[in-house]
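Undergrad: Just so we're aligned, residue 1 is where the sequence shown starts under UniProt numbering, counting upward by one.
A single structure is presented below for examination.
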Amino acid sequence: MTAIVWFRRDLRLADNPALAAACAEHERILPVYVHAPDEEDAWAPGAASRWWLHHSLAALSAALRREGGHLHIRAGDTLASLVAMCRAAGATAVYWNRRYEPAAIERDKHIKAALREQGIEAKSFNAALWVEPWQVATQQDGPYRVFTPFWRAIRPRLSPEELLPVPPLRFATAKDGESSASLELLPRIRWDQGMHETWTPGEQGALEALEVFADDALGGYARLRDLPARHGTSRLSPHLHYGEISPRQVHHILHRGTQRRAAMHRPDLEPFLRELGWREFAHHLLFHFPETPTENFNQGFASFRWAEPDQALLDRWRHGRTGIPLVDAGMRELWHTGWMHNRVRMVVASFLTKNLRQHWREGAKWFWDTLVDADLANNTLGWQWVAGCGADAAPYFRVFNPVAQARKFDPEGDYLRRWLPELKDAPVPLLHEPWKDAALLSRSGYPAPMVDLAESRREALGVYQAMRGRG
Numbered sequence: 001m002t003a004i005v006w007f008r009r010d011l012r013l014a015d016n017p018a019l020a021a022a023c024a025e026h027e028r029i030l031p032v033y034v035h036a037p038d039e040e041d042a043w044a045p046g047a048a049s050r051w052w053l054h055h056s057l058a059a060l061s062a063a064l065r066r067e068g069g070h071l072h073i074r075a076g077d078t079l080a081s082l083v084a085m086c087r088a089a090g091a092t093a094v095y096w097n098r099r100y101e102p103a104a105i106e107r108d109k110h111i112k113a114a115l116r117e118q119g120i121e122a123k124s125f126n127a128a129l130w131v132e133p134w135q136v137a138t139q140q141d142g143p144y145r146v147f148t149p150f151w152r153a154i155r156p157r158l159s160p161e162e163l164l165p166v167p168p169l170r171f172a173t174a175k176d177g178e179s180s181a182s183l184e185l186l187p188r189i190r191w192d193q194g195m196h197e198t199w200t201p202g203e204q205g206a207l208e209a210l211e212v213f214a215d216d217a218l219g220g221y222a223r224l225r226d227l228p229a230r231h232g233t234s235r236l237s238p239h240l241h242y243g244e245i246s247p248r249q250v251h252h253i254l255h256r257g258t259q260r261r262a263a264m265h266r267p268d269l270e271p272f273l274r275e276l277g278w279r280e281f282a283h284h285l286l287f288h289f290p291e292t293p294t295e296n297f298n299q300g301f302a303s304f305r306w307a308e309p310d311q312a313l314l315d316r317w318r319h320g321r322t323g324i325p326l327v328d329a330g331m332r333e334l335w336h337t338g339w340m341h342n343r344v345r346m347v348v349a350s351f352l353t354k355n356l357r358q359h360w361r362e363g364a365k366w367f368w369d370t371l372v373d374a375d376l377a378n379n380t381l382g383w384q385w386v387a388g389c390g391a392d393a394a395p396y397f398r399v400f401n402p403v404a405q406a407r408k409f410d411p412e413g414d415y416l417r418r419w420l421p422e423l424k425d426a427p428v429p430l431l432h433e434p435w436k437d438a439a440l441l442s443r444s445g446y447p448a449p450m451v452d453l454a455e456s457r458r459e460a461l462g463v464y465q466a467m468r469g470r471g
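This is the structure we're talking about:
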């Protein structure tokens, strides 16, 4: 008997529940990936995510070839593709791991029902989260809206249990379909050199990134994670997004490693797990509040007076030409690598939504297109949290000062010098505030600030106070 294993955001062989179950219950499997961006509603992968997907599919294909198999790639309607592959391979079942975006949930419900109507067994599993969104609730039997009680509820459920190994793989045969190259995921204009230099997509790349983090940064995570010039974070977010590694694996491997390293130092495992808890919280919120990718979580913000959309302002922000060094460094890091340090993400988002008062949706759209870890749940949570309209966003109108943030978290200016080469020779005080030396701006070509930080902050707070008064 043959089963199809439908790969999606679970592009790995180890600790893969759908793959393990299919191999345990059937003689042969047929690994299938269906490319159907039209079924993603308005949230088909952006350009940077497509780049990652191309290379992750190539890595999975290579892993399956080493096991004697093949990843069968199809493009088009998912249900029709799965049914056709079942007929071609004589498969009687389809196994997959669940996704939690609203469009994917509705699509998967339809596919599961349609397959079963045709006599094809359909089974889905959890491969992406520690706790699925419907498995935890408040004492009032509702969804959590604040992170800390959510984390208290799920933390006791986490245990570094043994992982599912790569099962013995026996493959069915079927006519080959598309190649990953034929999906045209890579950019036509090759702007991706920086991402090639920064990332290694795929299951092996994920495990290597985790090992580097465990060896180099976990021990000082609580202290170093806010320093953008340091390799103080895991950089696992794109690997987690495409399921090249699971949060169960991360917990298990780090827990095992901390036991070995306990004699040398006390690794900061708990603060790191808490940060992964925010990822769980984001999926919890998206599942229970599926409108939030486009609508304010806090409906009281409906009356907030955003500035009129200004494409000139947005373009300068997007391309790192705002005249505010930490903002510009972050946006240039994003463009070059497809990633941005989390502390800097908060700063650039605050600048856009508070100092420029451009709608948070404009920032969310740009991040969606340029981040290799663009994830609907996390992107939505992050932008609404910074804008003040999201869950757990109190104080509701936090305004990050980019100069104070740079002085605190990049005091020597190493991060700024890396991404702002025109200012690399500026002394530290001017590196943080180059507008204080007109000659430096003239000589370097670095732009003057788009807005006065103090004045724009006062204006934003005034609009917020007016909104509260109307409320």
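Where a beta carbon is used, it is the ideal one built from N, C-alpha and C, also for glycine.
All values reported here derive from a predicted model rather than from experimental measurement.
Is it the case that the Cβ atoms of residue 244 and residue 202 are separated by a distance below 7 Å?
TA: Yes, the pair counts as a contact, with Cβ atoms nearer than the cut-off.
Undergrad: Can you name the residues that DSSP bridges to residue 92?
TA: The partner list for residue 92 (beta bridge, DSSP) is empty, contrary to what the question assumes.
Undergrad: For residue 359, which option in 304, 84 and 193 has the closest C-alpha, if you only look at C-alpha atoms?
TA: The residue with the shortest Cα to Cα distance from residue 359 is 304.
Undergrad: Would you say the stretch 23 to 39 touches the stretch 132 to 145, given that touching needs at least three Cβ pairs under 8 Å?
TA: Counting Cβ pairs under 8 Å, fewer than three are found: no touch.
Undergrad: Applying the criterion that 16 or more other CB atoms from any shown protein chain within 10 Å of the CB defines a buried residue, is residue 277 buried or exposed?
TA: So residue 277 counts as buried.
Undergrad: Taking a contact to mean a Cβ-Cβ separation below 7 Å, would you say residue 154 touches residue 166 in this structure?
TA: Not closer than 7 Å, so no.
Undergrad: Where residue 384 and residue 311 are concerned, what is the direct C-alpha to C-alpha distance, given to the nearest angstrom?
TA: Roughly 21 Å between the two C-alpha positions.
Undergrad: Decide if residue 182 is buried, meaning its Cβ has at least 16 other Cβ atoms within 10 Å, or exposed.
TA: Exposed.
Undergrad: If I follow the unbroken beta strand (DSSP E) through residue 436, where does it start and stop?
TA: Where residue 436 is concerned, there is no enclosing beta strand (DSSP E), given that its DSSP letter is neither H nor E.
Undergrad: Who does residue 178 pair with in a DSSP beta bridge?
TA: BP columns for residue 178 point to 73.
Undergrad: Less than 8 Å between the CB atoms is what I'm expecting for residue 446 and residue 429, so what's the real figure, rounded?
TA: The Cβ separation is near 15 Å, so there is no contact.
Undergrad: Return helix, strand or coil for residue 402, following the three-state DSSP convention.
TA: Helix, per DSSP.
Undergrad: Between the Cα of residue 12 and the Cα atoms of 235, 239 and 374, which residue gives the shortest distance?
TA: Among 235, 239 and 374, the Cα nearest to that of residue 12 is on 239.
Undergrad: Do residue 72 and residue 32 have their CB atoms nearer than 7 Å?
TA: Yes.
Undergrad: Give me, in chain order, the residues of the same chain whose beta-carbon lies closer than 6 Å to that of residue 206; leave out the 5 immediate sequence neighbours on both sides.
TA: Within the same chain, residue 206 has close Cβ partners 239, 244 and 245.
Undergrad: I'd like the span of the alpha helix (DSSP H) that includes residue 339, first residue to last.
TA: Careful: residue 339 lies outside any alpha helix (DSSP H) and carries neither H nor E.
Undergrad: I believe residue 329 touches residue 221 by the beta-carbon criterion, under 8 Å. Please report the beta-carbon distance rounded to the nearest angstrom.
TA: The pair is not a contact, with the Cβ atoms about 22 Å apart (cut-off 8 Å).
Undergrad: If you follow the beta strand (DSSP E) that residue 35 is part of, which residue opens it and which one closes it?
TA: Element bounds for residue 35: 28 to 35.
Undergrad: Quick check: the stretch 345 to 353 against the stretch 394 to 411, are at least 3 beta-carbon pairs closer than 8 Å?
TA: Yes, the stretch 394 to 411 is in contact with the stretch 345 to 353.
Undergrad: Compare the beta carbon distance of residue 89 and residue 172 with 7 Å and say whether it is the shorter of the two.
TA: In this structure, residue 172 lies closer than 7 Å to residue 89 by Cβ.
Undergrad: Quick check: what's the CA-CA separation for residue 164 versus residue 15?
TA: Cα to Cα, residue 164 sits roughly 4 Å from residue 15.
Undergrad: If we ignore side chains and look at the alpha-carbon of each, how far apart do residue 213 and residue 233 end up?
TA: In a straight line, the C-alpha of residue 213 is about 7 Å away from that of residue 233.
Undergrad: Relative to the alpha-carbon of residue 81, which residue among 36, 406, 66 and 96 has its alpha-carbon at the smallest distance?
TA: Answer by Cα proximity: 36.
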